[in-house]
Amino acid sequence: IVDMPSIANPDGLAKRVAEAAEQENVLRVKGFVEVGGKPMRLLLQAVGPRVNHYYDRAWSAEDDRRSRLVVIGLKGLNRPAIERILAG
Numbered sequence: 014i015v016d017m018p019s020i021a022n023p024d025g026l027a028k029r030v031a032e033a034a035e036q037e038n039v040l041r042v043k044g045f046v047e048v049g050g051k052p053m054r055l056l057l058q059a060v061g062p063r064v065n066h067y068y069d070r071a072w073s074a075e076d077d078r079r080s081r082l083v084v085i086g087l088k089g090l091n092r093p094a095i096e097r098i099l100a101g
């Protein structure tokens, strides 16, 4: 699980997720992301370098409003490298 700060550019994050998949043997990514200034949460999912993202619903008062991605890959993932790529 990778915790991230709020982002400004969903397309930029999608490119970084694809880059992590190609460089660090990431197989799958899925999670919710907070986009600054948006009342809706961004759902992001990826299979290899194919990344999909869209706003699925508004954040509710009960939601833990933070960006969190589950990253699945081959044995021996380099977590620091993946976090560095995702942070941009």
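Under my numbering, the first residue of the sequence shown is numbered 14, with each subsequent residue one higher. Where a beta carbon is used, it is the ideal one built from N, C-alpha and C, also for glycine.
Beta-carbon spacing of residue i, residue j below 8 Å
{"i": "N38", "j": "G86", "result": "yes"}
{"i": "R41", "j": "V60", "result": "yes"}
{"i": "P93", "j": "H66", "result": "no"}
{"i": "V64", "j": "L57", "result": "yes"}
{"i": "I98", "j": "A27", "result": "no"}
Proximity to residue i [Cα-Cα], best of the options
{"i": "R81", "options": "L90, P62, E47", "result": "E47"}
{"i": "I95", "options": "G49, E35, A71", "result": "E35"}
{"i": "R70", "options": "F45, G89, L90, P62", "result": "F45"}
{"i": "K43", "options": "D16, W72, K88, G89", "result": "D16"}
{"i": "V51", "options": "L99, L90, I20", "result": "Residue 51 is actually Lys in this sequence, not Val. That would be I20, whose Cα lies nearest to the Cα of K51."}
Counted within 10 angstroms of its Cβ, other Cβ atoms place residue i as buried (16 or more) or exposed
{"i": "A74", "result": "exposed"}
{"i": "V30", "result": "buried"}
{"i": "E84", "result": "Checking the sequence shown, residue 84 turns out to be Val, not Glu. Counting Cβ neighbours within 10 Å, V84 comes out buried, since at least 16 surround it."}
Min CB distance residue i to chain D below 8 Å
{"i": "D16", "result": "Given the protein chain composition of this structure (a single chain), no chain D is represented."}
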